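Before any comments, here is the structure.
2 protein chains.
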Amino acid sequence: MSLRAVKPQHETRTRILDTAEELFMLHGFEGTSMRVLTASAAVNLAAVNYHFGSKDALIEALFRRRLDPMNAARIAELDRLEIDAKGRALSPDEIIRAFIGPSLLLMEDAKGGGRNFIRLLGRTYTEPTKPIRVLIGQLYVPTMARYKAALERALPHMPGGELIWRMHFMFGTLAYTLAATDTVQLIAGCKPEDRYDARLLEDRLTSFLAAGLNAPLKQTVKKAA
Amino acid sequence: MSLRAVKPQHETRTRILDTAEELFMLHGFEGTSMRVLTASAAVNLAAVNYHFGSKDALIEALFRRRLDPMNAARIAELDRLEIDAKGRALSPDEIIRAFIGPSLLLMEDAKGGGRNFIRLLGRTYTEPTKPIRVLIGQLYVPTMARYKAALERALPHMPGGELIWRMHFMFGTLAYTLAATDTVQLIAGCKPEDRYDARLLEDRLTSFLAAGLNAPLKQTVKKAA
DNA sequence: GTCTATAGACGGATAGAC
DNA sequence: GTCTATCCGTCTATAGAC
């Protein structure tokens, strides 16, 4: 194993992945050509096909690189909390923080490109039809099942069909917050001071989400039972 | 003004706009070619350039057609509420319903293509860099200013810098809910029964959002003042 | 592993007949 | 207003030299 022989390979792969995260985040998948991508990554045009096989395979590798550790961290954090709780039900607050924590960790990682990925991820949630959505769905299945069970214990009075909507809202708020922060701040007018203060953002999100999760459903005039 | 002469023009324009809403929603702007679009709309390939000038101009026309009436309705509804209130501050509930109502109205309009537009809109919020984002931002400026003022009155104890984040979360939840409902239901597993019951969705969203808006900010260990 | 060159398909836009 | 034919650029992917 020569040192000079394997390092460039990993460097090229990594440089492609990092650049792809940024460009896909900025311009979308269809909006980013392999020509621009490889030029921006300072690698050869043929390198993507050599290392990943195709553009689609690159996208899949890109998501797996970040999502596998992120969801593993989410489950590990929930495991840790439940062991510490020794049978006591967790609070919604704790569960929410365990879920959004790994996202915010990546969000703070501006230098390593984690922030690019997080924004790309939020963007991708709202893109239907693509095989990517199916891939993401698969990667999330175990995590979602795990968190749904935890929330059911934490919110025993929540009707069965209701919880799935609350999780949906929670999920949406998180995805959107991470993905579109700049857009809304542009719409609403906001100074870029603590825009990326992940700790404060975690507090803000947790306060908002926990209150929303706990809220009783106030129904207006209903027609039938 | 011959009857036969002007009707086909409007029909072609409308058919292009309706088809574009659906295809852009499904595949994105870059992912939808003029060839596929015109074929699907059963119009000639050159028709888009004849009627709109370019693909970009078509996109702008598409957004203006829906957003202008929608935001006008939002402002009109708030005006109406404030007149009825005769000086009393509105409740967050009322304000939230005034804001999300017009979206849900479009959401219910499956036949007229409103639902396609709503999902396209949610999708577009998370797409940075494009001129479309700037256009949308401009179209929203008056509405956002109006609602920010109303919420400041409704939530007098909310610190100044905090409200903008709550609005951000509210906005995100709405956008995401409308845009990605199918995705999350795919991830989380949910039956498609009352998926598009807008009335129930309004109740759910309002309960969730009002609780989140009102929630005090619970801060964890803080470093400095 | 990296590069150049190119194949082969598809993109938006338009000219000009009808 | 509608249509066909076409220009010209860009796309992904690959073959083959080094």
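Residue numbers (our numbering), protein chains in the order written: chain A, 2 to 226; chain B, 2 to 226.
Built from N, CA and C at the ideal position, the CB exists for glycine as well.
Computed from a predicted model, the values in this text were never measured in an experiment.
query: Exposed or buried, what is L210 (chain B) when buried is set at 16 or more other beta-carbons lying within 10 Å of its beta-carbon?
result: As a position in the second sequence, residue 210 (chain B) is number 209, starting the count at 1. It is buried - the Cβ of L210 (chain B) has at least 16 other Cβ atoms within 10 Å.
- request: Give, in chain order, every residue of the stretch 198-213 of chain B whose Cβ lies closer than 9 Å to some Cβ of chain A.
  value: R200, L201, L202, E203, D204, R205, L206, T207, S208, F209, L210, A211, A212 and G213
- request: Answer with buried or exposed for A96 (chain A), where buried requires no fewer than 16 other C-beta atoms within 10 angstroms of its C-beta.
  value: Within the first sequence, residue 96 (chain A) is the residue found at index 95, counting from 1. Residue identity differs from the one stated: residue 96 (chain A) is Ile in this sequence, not Ala. The residue is buried, with at least 16 neighbouring Cβ atoms inside 10 Å.
query: What is the DSSP secondary structure of R81 (chain B), counted as helix, strand or coil?
result: Within the second sequence, residue 81 (chain B) is the residue found at index 80, counting from 1. DSSP places R81 (chain B) in helix when its eight states are reduced to three.
task: Express the C-alpha separation of I133 (chain A) and L202 (chain B) in angstroms, rounding to a whole number.
output: Here residue 202 (chain B) refers to the residue found at position 201 when the second sequence is read from its first residue. Here residue 133 (chain A) refers to the residue found at position 132 when the first sequence is read from its first residue. The alpha-carbon atoms of L202 (chain B) and I133 (chain A) are separated by roughly 27 Å.
- prompt: How should I119 (chain A) be labelled, buried or exposed, when 16 other C-beta atoms within 10 angstroms of its C-beta is the threshold for buried?
  reply: Taking the first sequence and counting its residues from 1, one reaches residue 119 (chain A) at position 118. Result: buried.
Proximity to L136 (chain B) [Cα-Cα], best of B:N50, B:A42 and B:L63: The sequence position of residue 136 (chain B) within the second sequence is 135, counting from 1. The residue with the shortest Cα to Cα distance from L136 (chain B) is B:L63.
Residue of B:D69, B:L105 and B:G114 minimising C-alpha distance to L24 (chain B): On the second sequence, position 23 is the one that residue 24 (chain B) refers to. Out of B:D69, B:L105 and B:G114, B:G114 has the C-alpha closest to the C-alpha of L24 (chain B).
query: A58 (chain B) by DSSP, collapsed to three states: which one?
result: Against the second sequence, residue 58 (chain B) aligns to sequence position 57. In the structure shown, A58 (chain B) sits in a helix (DSSP, three-state: H, G or I).
message: Helix, strand or coil for H158 (chain B)? Go by DSSP, reduced to three states.
response: Numbered from 1 along the second sequence, position 157 holds the residue referred to as residue 158 (chain B). The answer is coil: DSSP assigns H158 (chain B) none of H, G, I, E or B.
task: Tell me, to the nearest whole angstrom, how far the beta carbon of N72 (chain B) is from that of L140 (chain B); I am working on the premise that it is less than 8 Å.
output: One-based indexing of the second sequence puts residue 72 (chain B) at position 71. One-based indexing of the second sequence puts residue 140 (chain B) at position 139. About 6 Å separates the two Cβ atoms, so the contact holds.
query: How long is the line joining the alpha carbons of G102 (chain B) and L152 (chain A), rounded to whole angstroms?
result: Your numbering for residue 102 (chain B) matches position 101 in the second sequence. Your numbering for residue 152 (chain A) matches position 151 in the first sequence. Between G102 (chain B) and L152 (chain A), the C-alpha separation is close to 29 Å.
- request: Could you tell me whether the Cβ of K56 (chain A) comes closer than 8 Å to any Cβ of chain B?
  value: Walking along the first sequence from the start, residue 56 (chain A) turns up at place 55. Cβ-Cβ to chain B under 8 Å: no for K56 (chain A).
- prompt: Applying a beta-carbon distance threshold of less than 7 Å, which residues of chain B neighbour A180 (chain A)?
  reply: Looking up residue 180 (chain A) in the first sequence gives position 179. Going along chain B in sequence order, the residues near A180 (chain A) (Cβ under 7 Å) are T127.
message: Quick check on this structure: which residue in B:E128, B:I165 and B:I17 has the alpha carbon closest to the alpha carbon of F53 (chain B)?
response: As a working mapping, residue 53 (chain B) is identified with position 52 in the second sequence. Ranking the options by Cα distance to F53 (chain B), first place goes to B:I17.
- prompt: Can you tell me whether DSSP reads V228 (chain B) as helix, strand or coil?
  reply: Residue 228 (chain B) lies beyond the range of chain B shown here (2 to 226); nothing can be said about it.
query: Hey, is T221 (chain B)'s beta-carbon within less than 8 Å of any beta-carbon in chain A?
result: Against the second sequence, residue 221 (chain B) aligns to sequence position 220. Yes, its Cβ sits closer than 8 Å to a Cβ of chain A.
message: Let me confirm a value: Y51 (chain A) is counted as buried when at least 16 other C-beta atoms fall within 10 Å, else exposed. Which label applies?
response: Position 50 of the first sequence, counted from the first residue, corresponds to residue 51 (chain A). The residue is exposed, with fewer than 16 neighbouring Cβ atoms inside 10 Å.
task: Tell me whether E12 (chain A) is buried or exposed, calling it buried when 16 or more other Cβ atoms sit within 10 Å of its Cβ.
output: Here residue 12 (chain A) refers to the residue found at position 11 of the first sequence. The residue in question, E12 (chain A), is exposed, as its Cβ has fewer than 16 Cβ neighbours within 10 Å.
message: Let me check understanding here. Comparing Cα to Cα, which of B:F30, B:D19 and B:Q220 lies closest to R124 (chain B)?
response: Working through the second sequence from its first residue, we reach residue 124 (chain B) at position 123. When only C-alpha atoms are compared, the closest one is B:F30.
- request: Give the interface partners of P217 (chain B) over in chain A, defined as CB-CB distance under 9 Å, in chain order.
  value: In the second sequence, residue 217 (chain B) corresponds to position 216, counting from 1. Per Cβ cutoff of 9 Å: S208 and A212.
- request: Please state whether DSSP places K224 (chain B) in a helix, a strand or coil.
  value: Position 223 of the second sequence, counting from 1, holds the residue named residue 224 (chain B). Low confidence applies to K224 (chain B): its pLDDT is 48, below 50, so where it sits in the model is not reliable, and the reading given next is rough at best. Reduced to three states, the DSSP call for K224 (chain B) is coil.
Amino acids of chain B, ordered along the chain, whose beta-carbon sits closer than 7 Å to that of E31 (chain A): Mapped onto the first sequence, residue 31 (chain A) falls at position 30. Correct list: G29, E31 and G32.
- prompt: Does any CB atom of chain A fall closer than 8 Å to the CB of A176 (chain B)?
  reply: Residue numbering aside, residue 176 (chain B) sits at position 175 when the second sequence is read from its first letter. Yes, because at least one Cβ of chain A sits closer than 8 Å to the Cβ of A176 (chain B).
Endpoints, alpha helix (DSSP H) assigned at L38 (chain B): Position 37 of the second sequence, counted from the start, is the residue given in the question as residue 38 (chain B). Counting along the chain, the alpha helix (DSSP H) containing L38 (chain B) begins and ends at M35 to A42.
- request: Could you tell me whether any Cβ in chain B is nearer than 8 Å to the Cβ of H158 (chain A)?
  value: Position 157 of the first sequence holds residue 158 (chain A). Chain B contact via Cβ: absent.
query: Taking buried to mean at least 16 other C-beta atoms within 10 Å of its own C-beta, is L46 (chain B) buried or exposed?
result: In the second sequence, counting from the first residue as 1, residue 46 (chain B) sits at position 45. Exposed, since its Cβ has fewer than 16 Cβ neighbours within 10 Å.
- prompt: Is L107 (chain A) near R98 (chain A), with beta carbons less than 8 Å apart?
  reply: In the first sequence, residue 107 (chain A) corresponds to position 106, counting from 1. In the first sequence, residue 98 (chain A) corresponds to position 97, counting from 1. It is not a contact, given that the beta carbons lie outside the stated cut-off.
query: Which term fits S34 (chain A), buried or exposed, when burial requires 16 or more other beta carbons within 10 angstroms of its beta carbon?
result: Your numbering for residue 34 (chain A) matches position 33 in the first sequence. So S34 (chain A) ends up on the exposed side.
Burial state of A20 (chain A), where buried means 16 or more other Cβ atoms lie within 10 Å: What you label residue 20 (chain A) is simply residue 19 of the first sequence in a count that begins at 1. First, the residue type needs correcting, since residue 20 (chain A) is Thr and not Ala in the sequence shown. It is buried - the Cβ of T20 (chain A) has at least 16 other Cβ atoms within 10 Å.
- prompt: Of the residues B:E22, B:E83, B:A74 and B:A86, which one's Cα is nearest the Cα of K56 (chain B)?
  reply: Mapped onto the second sequence, residue 56 (chain B) falls at position 55. K56 (chain B) has its Cα closest to that of B:E22, out of B:E22, B:E83, B:A74 and B:A86.
message: Counting C-beta neighbours from all protein chains within 10 Å, is the total for H158 (chain A) 16 or more, i.e. buried, or is it exposed?
response: For the purposes of this step, residue 158 (chain A) is taken as residue 157 along the first sequence, with counting starting at 1. Per the 10 Å Cβ criterion, exposed.
- prompt: Among A:R200, A:P160, A:L175 and A:D85, which has the Cα closest to the Cα of E109 (chain A)?
  reply: Within the first sequence, the letter at position 108 stands for residue 109 (chain A). Per the Cα distances, A:R200.
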